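Engineer:
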Ligand code: PMT
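Residue numbers (our numbering): 330 to 723.
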């Protein structure tokens, strides 16, 4: 069983998705874990402590009261746990966690712990998209927490959208991944984000890539114990164990990539194939008329990695709209081991979204479509696949 002997602390905060925490506790136990539960006051309004005590076989902690077993429940639980998973994590709990506001026993336990932290947000779409929530979740990710979901789908009150707590089985998978060092000793290079090709000091030719997909892949690899370098144009927070190299243009990205010799390279960046041949020294004025935008080719970074004498296991991405024909051709032409094609014309897929719908294309042209998943889940599945292809450690 993947979690045999592992001690998992389940933190439950007060949202309607708390009803799924009972099933999550059950699935963690079925995977071999010993589970204890800490709940906020608000969570007890949604789910009874007796339910979780019955499932886990342990009393549920809801406050700082001294018990027969513990004079300091939050520090004792923090020391006991191999991993803490907060599911559901509401807007308020995410905000408290982000600033370490330990005025409830759940947040106090997390701040007293040095073990991996997994957060499964659950809230209405507007609350998830609220600027402070995004800032807080970004801060938690930057501090090393792993964020699972949220998924899109039915929400409380008949609403539909992004903000639904990730399914318990996927949270269990994330717990297993967070506790595994399956990529220990493996070096990984990821490219992420869209390049910006300057026209003058203030204008550039760019694209809609946010870096979310590439950063999710990098974070997942770091969580599995890999030594990760990311060459990126994005400022989305990364796991602090990752070495991030910030670049803007395709040429800078190519130069940075050339200095790294990884075991695995995943090229998720949207790289401009062409750049303005002439970059104006000063800001171009309207009175000078339309600028000369003659373009010249950028280096093909993926191809240069594919042509190395010592070549990493190589994964390319392809942003296509509609038919996969071009992507299948690209997989053969570019000399990759795997190509991840995303149909950027589908809603919820491709540029800037939190989700992606991809098709895996093998070097021999075989294809396997995956359903619409969060980008974190695409990253987890992709690493499962890559790991199954890597030679066993010597
Ligand atoms: O960043 P997000 O907002 O999360 O969006 C994710 C994404 C849609 C950008 C990502 O999933 C994706 O599809 N990335 C590749 C986008 C792309 O432009 O593909 P392409 O078909 O142009 O390039 C094919 C491959 O060659 C890619 O691996 C690309 O990184 C690489 N390439 C392309 C051109 C070039 N000059 N050098 C390269 O290395």
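Note that the Cβ used here is the ideal one computed from N, Cα and C, for glycine as well. From a predicted model like this one, the values you see are computed outputs, not experimental measurements.
What ranges does the beta strand (DSSP E) occupy inside the region 441–521, keeping only unbroken runs of at least 3 residues that lie completely in it?
Structural biologist: 446–450, 480–483, 489–493, 516–521
Engineer: Give the range of the alpha helix (DSSP H) segment to which residue 567 is assigned.
Structural biologist: First-last for residue 567: undefined, no H or E at that position.
Engineer: In three-state DSSP terms, what is residue 706?
Structural biologist: helix
Engineer: Throw me the rounded Cβ distance for the residue 337 and residue 372 pair, which I believe falls under 8 Å.
Structural biologist: So it is not a contact: roughly 17 Å between Cβ atoms.
Engineer: Buried or exposed: residue 682, going by 16 or more other Cβ atoms within 10 Å of its Cβ?
Structural biologist: buried
Engineer: Is it the case that the Cβ atoms of residue 505 and residue 601 are separated by a distance below 8 Å?
Structural biologist: The answer is no: Cβ separation not under 8 Å.
Engineer: List the residues that DSSP assigns as beta-bridge partners of residue 667.
Structural biologist: 644, 691
Engineer: Say the cut is 7 Å; is the CB of residue 375 nearer than that to a heavy atom of the ligand PMT?
Structural biologist: no
Engineer: In the DSSP assignment, the beta strand (DSSP E) including residue 308 goes from what residue to what residue?
Structural biologist: Any question about residue 308 goes unanswered here, given that the chain covers just 330 to 723.
Engineer: Using CA coordinates, which residue listed in 369, 397, 467, 634 is at the minimum distance from residue 431?
Structural biologist: 369
Engineer: Using alpha carbons as the reference points, say which of 454, 481, 483, 450 lies closest to residue 467.
Structural biologist: 450
Engineer: Under 7 Å from any heavy atom of the ligand PMT, does the C-beta of residue 393 make it?
Structural biologist: no
Engineer: Can you give me the C-alpha to C-alpha distance between residue 346 and residue 493, rounded to a whole angstrom?
Structural biologist: Rounded to the nearest angstrom, the two C-alpha atoms are 8 Å apart.
Engineer: Relative to the C-alpha of residue 418, which residue among 397, 384, 453 is closest?
Structural biologist: 453
Engineer: Considering just the uninterrupted stretch of the beta strand (DSSP E) at residue 596, what are its terminal residues?
Structural biologist: 593–596
Engineer: What I want to know is whether the C-beta of residue 494 ends up closer than 7 Å to one or more non-hydrogen atoms of the ligand PMT.
Structural biologist: no
Engineer: Determine the closest residue to residue 340 out of 558, 582, 412, 691, with distance taken between C-alpha atoms.
Structural biologist: 412
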